[in-house]
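Participant:
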Amino acid sequence: MNLSRWILAVAIICGSTSSTFAQLQPASLVNDRPSPRPEVDIPGQIAVLQSMSRVVKHVARTAKPCVVHLEARKTETKRGRSEEFDEAGSGAIVAIDGRNYVVTNRHVVFGAKESQVTIRLNDGRELNPIRIVSDPSTDVAIMEIRGEDLEIAQLGDSDLVDIGDFVLAIGSPFGLSHSVTFGIISAKGRRDLTLGEERIELQDFFQTDAAINPGNSGGPLLNLQGEVIGLNTAIASSSGGSEGIGFAIPINMVMLVARQLATTGRLQRSYLGVSLDPDFGPKTATRLGVRRPRGALVKKVTPNSPAAQGRLQHDDLIQSFNGVEIEDDDHLVNQVGLTPIGQEVAVVLLREGKQYQTKLTVTARP
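Residue numbering for the sequence shown follows our numbering, beginning at 70 and increasing consecutively.
#1: Exposed or buried, what is F243 when buried is set at 16 or more other beta-carbons lying within 10 Å of its beta-carbon?
#2: Out of A365, R260, G288, which one is the CA nearest neighbour of S246?
#3: Based on DSSP bridge pairs, tell me the residues matched to F349.
#4: Look at the alpha carbon of Q276 and the alpha carbon of L293, and state the distance between them as a whole number of angstroms.
#5: Candidates V297, E270, A210, G334: which alpha carbon is nearest I320's?
#6: Excluding the 5 residues flanking A164 on each side, which residues of the same chain have their C-beta closer than 8 Å to its C-beta?
#7: Based on Cα-Cα distance, which residue from K368, S374, R260 lies nearest to D348?
#8: Does M322 pass the burial test, meaning 16 or more other C-beta atoms within 10 Å, or should it be called exposed?
#9: Measure the C-alpha to C-alpha separation of T353 and I214 and round it to an integer number of angstroms.
#10: Once the 5 residues before and after I162 are set aside, which same chain residues still bring their CB inside 7 Å of it?
#11: When every heavy atom of the ligand SAM is checked, does at least one fall within less than 7 Å of the C-beta of S122?
#12: Kindly identify the DSSP beta-bridge partner or partners of G240.
#13: Check I111 in the structure and name its three-state DSSP category.
#14: Flag this pair as yes or no: are the beta carbons of L330 and V202 separated by less than 8 Å?
#15: Using the Cα positions of N33 and L418, report the straight-line distance between them to the nearest angstrom.
#16: Could you tell me the alpha carbon to alpha carbon distance between G252 and T430, rounded to whole angstroms?
#17: Roughly how many angstroms separate the alpha carbons of S339 and S389, rounded to a whole number?
#18: From V416 to R194, what does the alpha carbon distance come to, in whole angstroms?
#19: In chain order, what residues of the same chain have a beta carbon less than 6 Å from the beta carbon of L336, not counting five sequence neighbours either side?
#20: How many angstroms separate the CA atom of P372 from the CA atom of T207?
#21: Helix, strand or coil, according to DSSP, for T371 in the structure here?
#22: Whose C-alpha, out of G299, I269, E270, G295, is nearest the C-alpha of I281?
#23: Taking the alpha carbon of S255 as the reference point, which residue from I239, Q272, D234, T144 has its own alpha carbon closest?
#24: Taking buried to mean at least 16 other C-beta atoms within 10 Å of its own C-beta, is T173 buried or exposed?
#25: In the DSSP output, which residue or residues are listed as bridge partners for K423?
#26: Can you pull the DSSP bridge partners for R168?
#27: In angstroms with no decimal places, state the Cα-to-Cα distance between S307 and L262.
#28: Suppose you measure from the CA of E140 to the CA of D155; what does that come to, to the nearest Å?
#29: Which residues in the same chain as G334 place their Cβ atom closer than 8 Å to its Cβ, once the five residues preceding and following it in sequence are excluded?
#30: Would you mind working out which of I395, A303, S286 sits nearest G160, comparing C-alpha positions?
#31: Beta-carbon separation of V178 and A210 under 8 Å?
#32: What is the rounded straight-line gap between the Cα of I232 and the Cα of M324?
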C-alpha cells in the first residue's frame, strides 16, 4: 500500500515537471518557423542622408568664398645660422568698423612681416596684408586687407553652441586649400591645455571631432547655418595628424579680441582685484556648505580695486560673474579678462552660507 502511494506521488511530480518544462521551452524549440524581420525603410533612410548631405554642401558652398589660405615666410635661427621656412594656415574675412580683416591664429603669422605673408582668396587672387596685429594671450591675430568684392563671413553666436551640434571645419590641411571636414562639438570650456610652444593664457576652447590637421589653424568652424562659431586652433595628437580631438576658439571671444586689436592695437584685459585660493577643494567646499568645489574662492581683496568697490571679502565664493556660472579659478580669470573695460557687471557670491549679489565696474589692469 505504501509502495503504491510512493509510485503515484513520483508519477504526479514527473508529470508536473514535464508540463512545466514544456511551458518554459524557448519559442525556437516549440515553433521552428523564424520570426519575420522588421522591414527596413532603405529609401527613407537614403532620403534622410541625402537631405543632410544637401545641408553640408550648401554650407560649404556658401562659406568657402570667405575662407583664405595663408602662407607666411619666416626666419628661424638654429645653431647660429638663419634658416627660412614657410608656415601655412587658414583664415576668415570679417568686417570691423567698415574695414576688412582676416582673422587667424597668431602662431600662423607671428614673426613674419606684412610683405612676407601671402593671402590667397578662394577665387585665386593673392593679397598682402596692410598691417598685422596679434595677441599672445589668446593666439588671435588680425590682418587688415583691401580688395574688391571680398566675401565677408557670417558670424554666429558661440554662446548658443552646445555639445552634439553638427559643425564643419574649412581650412588648408597640408596645403590642400579649402578642404571641408564634418563632425560635432565634443565638449565646451576646455582650459589648461598646452598648445604649441607659447602659453595661451585665456583659454575657453570648443573641442570637436571634425578632422583638423596642420594647415587648418586659423580656419573657421561653422554651424549648419553657415555661420562662423569658432576659429580652429590646434589638435591633440601623438602622430601630428588628426585623431578626432581638435580645438577651436569661440567666435565671440575671437571678435572681442579682434575689435580691440583693430582699434587700439592690443588687448586690454580687465581687472577685478582679487587673489584666489588655488587649494579650493572638497574639504573647503564642505566647510562652506556646498556639495562640490565649483566657483572661485576669494583669498584676498586688493584695496581700491573693483572687487573692493563691490564689497567682496575674504572667503567669498564667487559663483557667477556677469551672468555666467563660474566653474573654477581659470574660468573666472577668462571671464574678467575678456569683459570690456568700464562695464558694470553683476557678481553672485556665497558668504557664510547665504547667497548675495553685488555690482561692480571692471577697470583696466594696472
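Each residue gets a CB set at the ideal place from its N, CA and C atoms; glycine is no exception.
Facilitator: Short version:
#1: Counting Cβ neighbours within 10 Å, F243 comes out exposed, since fewer than 16 surround it.
#2: Each of A365, R260, G288 was checked against the Cα of S246, and the nearest Cα belongs to G288.
#3: The partner list for F349 (beta bridge, DSSP) is empty, contrary to what the question assumes.
#4: Computed Cα separation, rounded: 17 Å.
#5: Cα-wise, what sits closest to I320 is V297.
#6: Here the set comprises Y170, I221.
#7: Residue K368 holds the alpha-carbon nearest to the alpha-carbon of D348 among K368, S374, R260.
#8: Under this definition M322 is a buried residue.
#9: Between the alpha carbons of T353 and I214 lies a distance of about 53 Å.
#10: Excluding residues up to 5 positions away in sequence, C135, V137, N169, V171, L219, E220, I221, A222 lie with their Cβ nearer than 7 Å to the Cβ of I162 in the same chain.
#11: As presented, the structure is devoid of all ligands, the ligand SAM included, so that no description of it is given.
#12: DSSP lists S248 as partners of G240.
#13: Helix, per DSSP.
#14: V202 sits close to L330, with the two beta carbons spaced by under 8 Å.
#15: With the chain covering 70 to 435 only, the question about residue 33 has no answer from this structure.
#16: Approximately 40 Å between the Cα atoms of the pair.
#17: Taking the straight line from one Cα to the other gives about 17 Å.
#18: Cα atoms of V416 and R194: separation of roughly 49 Å, rounded to the nearest angstrom.
#19: Hits under 6 Å: D204, V326, Q329.
#20: The alpha-carbon atoms of P372 and T207 are separated by roughly 29 Å.
#21: Assigned with DSSP and collapsed to three states, T371 falls in coil, not helix or strand.
#22: Measuring from the Cα of I281, the nearest candidate turns out to be G299.
#23: Considering only alpha carbons, the answer is D234.
#24: T173 counts as buried, since no fewer than 16 other beta carbons sit within 10 angstroms of its beta carbon.
#25: For K423, which the question treats as bridged, DSSP gives the partners R420.
#26: Partner(s): I165.
#27: Interpretation of S307 is limited by its pLDDT of 44, a score under 50 that renders its predicted location unreliable; the figure taken from the coordinates is listed afterwards. Taking the straight line joining both Cα atoms gives about 15 Å.
#28: Each residue's alpha carbon lies about 6 Å from the other.
#29: The beta carbon of G334 is closer than 8 Å to those of V202 in its chain, skipping five residues each way along the sequence.
#30: Cα-wise, what sits closest to G160 is S286.
#31: The answer is yes: Cβ separation under 8 Å.
#32: Distance between the alpha carbons of I232 and M324 is about 22 Å.
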